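Taking it in order: structure first as structure tokens, then the write-up.
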Amino acid sequence: MKNCADVIIIGSGVIGNAAAYYLSKKGCSVIVLDKDYSIGNGGSSRNGGGVRQSGRDKRELPLAMYGIENLWPTLSEELGVDVEYYKKGNLRLGKTKEHIKILEKLANNAKECGLDVRMISGNEARKINPYLSEEVIGASWCPTDGHANPLKTTLGFYRKARQLGTSFVTGEEVIEIKKINGKARQVLTKENIYEGEHIIIAAGYESRRIAATVGIDIPMNKVLLEALVTEAQPSMFYQMLGTAAADFYGHQTKHGSFVFGGSSGYEAFNKDNGTPTTSSITASCICRGIMKYFPMLKDAKIVRTWAGWIDDCKDHIPVISFVEEIPGLILACAFTGHGFGISPTVGMLLSEMVEGRETTLDINAFRYDRFKAKI
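The C-terminal position of the sequence shown is numbered 375 in full-length UniProt numbering, with every residue numbered one higher than the one before it.
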């Protein structure tokens, strides 16, 4: 039956598409549902493209390290799409003593997990990136970090999964999940009923509403982040950039343009049925921050801006979990804006969960019931 598969995945973002690829590669039949009419039209195509290990929570770090060591280096060849992966390091910049304290704490946490990350002086940072302003007094440096193209990666997983037999159904909004004999079995949309042995919810913030239809709540909020892209510039540097103050992040793309993201703390009024829209103040707010670090970009013209929602979890790490009370249900959400860089690893882990085998990495820290009151 066309509406039945081994696995039903809700959400066609980079996490859902990666899971579809690894599952279909193993011979599973997969249906991916998305309420949008475009593939990956959420946070997966609206982020800064960081493939980083530095600055992550200790619990999340092994997922990032595994992907960078084993999956990202060959992903373009595997998917048959140039995902524009660059492994040129990550500079996280500081301009004040308080910034340096923040960076030192992050670096020490990462080093305890075996990551090669170290503190460097402002002059050492300028040897790596000579375009930095004199205001930078120090930085953390992780030489194995990098970045990739979020849209091409998301669509690369989609394209390859389709070639392997995955069925994608867009414009199909999920209304609820229905249990049969105590097991999550059916996904009800406005128009159809889909049935599978396993159901994976990977729909960003919408995952909270969908999981609630079977009595599961995931403590997360919807947060708007914005990004901008400049006109093409001469080739300058390919490090991923961030700051201790989190006032911007970004990189120069293969094509010369710079992609930067950030937030003004101001959430724009959404006029178009909840579609995220940019505000008039955020781009200028991001740019003021950028010019303090990279004054040579002060005359670069902004080509466009865009906005996207992130599913910000209460403890800022994702939920990647079976649901004990509801066999057949798997949660993959609450990535808090960190999901793109670990998406290949998460897709692989989700496929292993469906197989019923021991996962390559320990995912106990990402259980959904970690939020329950301890008795």
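For each residue, glycine too, the CB sits at the ideal point set by N, CA and C.
These figures come from a predicted structure and were not determined experimentally.
Rounded C-alpha distance that separates residue i from residue j
i           : j      : result
Val81       : Glu98  : 42 Å
Leu297      : Asn41  : 29 Å
Ile302      : Gln239 : 20 Å
Glu358      : Thr278 : 43 Å
Ala283      : Thr230 : 11 Å
Ala110      : Ala332 : 24 Å
Lys292      : Gly262 : 15 Å
Arg59       : Val346 : 14 Å
Ser235      : Phe258 : 10 Å
Ile8        : Arg288 : 45 Å
Glu226      : Arg304 : 11 Å
Ala211      : Thr360 : 26 Å
Cys28       : Ala19  : 11 Å
Lys26       : Lys160 : 13 Å
Val30       : Ala5   : 5 Å
Asn90       : Gly339 : 17 Å
Pro130      : Lys88  : 15 Å
Phe366      : Ala203 : 17 Å
residue 386 : Val136 : Here the chain has residues from 1 to 375 only, and residue 386 is not among them.
Lys222      : Arg209 : 12 Å
Phe260      : Ile102 : 21 Å
Supposed close pair residue i, residue j - CB separation, criterion 8 Å
i      : j      : result
Gly122 : Gly146 : Rounded, the Cβ-Cβ distance is 23 Å, inconsistent with contact.
Pro344 : Trp72  : 6 Å
Asp315 : Ser207 : The Cβ separation is near 16 Å, so there is no contact.
Thr23  : Val323 : The sequence shown places Leu at residue 23, not Thr. The pair is not a contact, with the Cβ atoms about 18 Å apart (cut-off 8 Å).
Thr170 : Ser38  : 7 Å
Ile330 : Ile200 : 5 Å
Pro150 : Val14  : 7 Å
Gly328 : Lys127 : With a Cβ gap of about 54 Å, Gly328 and Lys127 do not count as contacting.
Gly242 : Gly55  : 7 Å
Tyr158 : Ser321 : Actually they are not in contact, since the Cβ atoms of Tyr158 and Ser321 sit about 24 Å apart, beyond 8 Å.
Arg370 : Ala244 : 28 Å between Cβ atoms; not a contact.
Three-state secondary structure assigned by DSSP to residue i
i      : result
Ile39  : coil
Val346 : helix
Asp369 : helix
Gln163 : helix
Lys254 : coil
Ser178 : With the sequence shown as reference, residue 178 is identified as Lys, and Ser is not the correct amino acid for it. Strand, per DSSP.
Asn123 : helix
Tyr293 : helix
Thr74  : helix
Asn364 : helix
Val354 : helix
Leu224 : strand
Tyr66  : helix
Ser263 : coil
Tyr86  : strand
Tyr158 : helix
Gly339 : helix
Arg92  : strand
Thr153 : helix
Thr282 : helix
Arg46  : coil
Arg59  : coil
Cutoff 7 Å; reference residue i; Cβ partners in own chain excluding five residues on either side
i      : result
Glu104 : Met119
Glu176 : Leu188 and Thr213
Lys190 : Glu173 and Ile175
Ile290 : Phe248, Phe260 and Leu297
Where the beta strand (DSSP E) through residue i begins and ends
i           : result
Cys142      : Gly138 to Cys142
residue 388 : The chain is shown only over 1 to 375; residue 388 falls outside these bounds and no answer can be derived.
Gln186      : Lys183 to Thr189
His198      : Ile193 to Ile201
Asp311      : Ile302 to Cys313
Ile9        : Cys4 to Ile10
Ile330      : Leu329 to Cys333
Ile320      : Val319 to Phe322
Asp34       : Val30 to Asp34
Met240      : Met240 to Thr243
Limits of the unbroken alpha helix (DSSP H) element including residue i
i      : result
Glu206 : Glu206 to Ala212
Lys97  : Lys97 to Glu112
Cβ shell of residue i (< 6 Å), same chain only, five flanking positions each side left out
i      : result
Asp57  : Ile317
Gly50  : His147, Met240 and Gly341
Pro295 : Ser133
beta-carbon residue i near the ligand FMN non-hydrogen atom, thresh 6 Å
i     : result
Lys25 : In terms of ligand content, the structure shown is empty, and the ligand FMN therefore cannot be addressed.
Sequence-distant residues of the same chain with beta carbon closer than 8 Å to residue i, five excluded per side
i      : result
Ala232 : His255, Gly256 and Ser257
Asp116 : Cys142, Pro143 and Thr144
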